[in-house]
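Numbering (the numbering used here), first residue to last: 3 to 281. A virtual CB, placed ideally from N, CA and C, is assigned to each residue, including glycine. This structure is a prediction, so every number in the text was calculated from the model and none was measured.
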Ligand SMILES: [Zn+2]
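Set out below in structure tokens:
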């Protein structure tokens, strides 16, 4: 399979931020106070700090925002948009649990409307909260005009999204690696220090730069499992500086990358690779 990246780049780099505010706790029926208040850090400290870092480096990013967190923090959503970043959808109350299909569709549409009203334009990308999807999820999103999903773990390149058992020509899957290219599992389960994290992500980038050229990294701005606090935000700052030192890297918002991948001549929608047994 031969694929092309924008501007003839050797590697694309997409930085994504999963807002994960107090809705994570509220969605589980928990009051976001005391030990359960870490989600409040996202809007108050983590996101402003990340916006500052992205601005200093001149790098665009994509923020996946649950509808509830957008309702609670409209000024934060506007600040993200005003800085030139993308807003994608990320559930309503971060539903990382199974839902009835009707209820799922209702919440997808509700979050879509909230984000559209706040942003003035509709989101075109979605990332599942906690990786949960149903057989109907992408069909609903495609109907709403979404052009990409960034939730699956079964590949390390863009590929045609599977919508109701068929390869879509209108929606691309931009998989996210939630093992080694996501802050939460490494800081929480891996117990890595910020210094170790920087070395791990540098090594991940080196390998991808020399291999497939698709580098997508996920941060969370909350306290606790995220990268919002100063020592961990500094890892982002240093990593961006490191990646910028390489030639032929194209920094991209995910929506722009998705639209590029959907153009047949760029090769991403044409390959016949096995896709979860469904191709
Ligand atoms: Zn999340």
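Is the CB-CB distance between residue i and residue j below 8 Å?
i, j, result
"residue 175", "residue 163", "yes"
"residue 120", "residue 79", "yes"
"residue 161", "residue 252", "no"
"residue 19", "residue 65", "yes"
"residue 17", "residue 49", "no"
"residue 225", "residue 43", "yes"
"residue 124", "residue 147", "yes"
"residue 222", "residue 54", "no"
"residue 12", "residue 215", "yes"
"residue 188", "residue 136", "no"
"residue 76", "residue 262", "no"
"residue 2", "residue 202", "Limits of the chain in this structure are 3 at one end and 281 at the other, which puts residue 2 out of reach."
With a CB to CB cut of under 6 Å and the five nearest residues on each side skipped, what residues in its chain are close to residue i?
i, result
"residue 127", "90, 150, 256, 257"
"residue 281", "Residue confidence is low: residue 281 scores 46 on pLDDT, short of 50, so the model does not pin down where it sits. Its coordinate-derived value is still stated next. Cβ within range, chain order: n/a, list empty."
"residue 93", "68, 131"
"residue 237", "196, 199, 200"
"residue 184", "220"
"residue 178", "152, 218, 220"
"residue 244", "204"
"residue 254", "14, 16"
"residue 141", "165, 166"
"residue 159", "214, 216"
Apart from the five residues on each side of it in sequence, which residues of its chain come closer than 7 Å, Cβ to Cβ, to residue i?
i, result
"residue 97", "29, 109, 131, 134"
"residue 1", "There is simply no residue 1 to check, as the chain begins at 3 and stops at 281 in what is shown."
"residue 248", "211"
"residue 4", "269"
"residue 206", "182, 183"
Secondary structure at residue i, three-state DSSP: helix, strand or coil?
i, result
"residue 209", "helix"
"residue 219", "strand"
"residue 36", "helix"
"residue 21", "coil"
"residue 173", "strand"
"residue 184", "strand"
"residue 5", "coil"
"residue 194", "coil"
"residue 281", "Its pLDDT being 46, under 50, residue 281 is placed unreliably by the model, and the measurement read from it follows with that caveat. Coil at residue 281, not helix or strand."
Near residue i, what residues of its chain come up, given a Cβ to Cβ distance below 8 Å and the 5 sequence neighbours on each side ignored?
i, result
"residue 230", "43, 44, 47, 48, 49, 51, 52, 222, 223, 224"
Practice item. Give me every residue whose Cβ sits closer than 5 Å to any heavy atom of ligand 1, in chain order. Key: 20, 22, 131
* Asked: Along the chain, which unbroken stretches of the beta strand (DSSP E) at least 3 residues long are found entirely within the segment 116-169?
  -> 161-165
Length at least 4, wholly inside the segment 27-109: the alpha helix (DSSP H) runs in chain order: Taking only runs of at least 4 residues, the alpha helix (DSSP H) segments lying wholly in the segment 27-109 are 49-59, 69-74, 76-84.
Which runs of the alpha helix (DSSP H) spanning at least 4 residues fall entirely within the segment 214-274, listed in chain order?
As far as the segment 214-274 is concerned, its whole alpha helix (DSSP H) runs of at least 4 residues are 232-246, 256-264.
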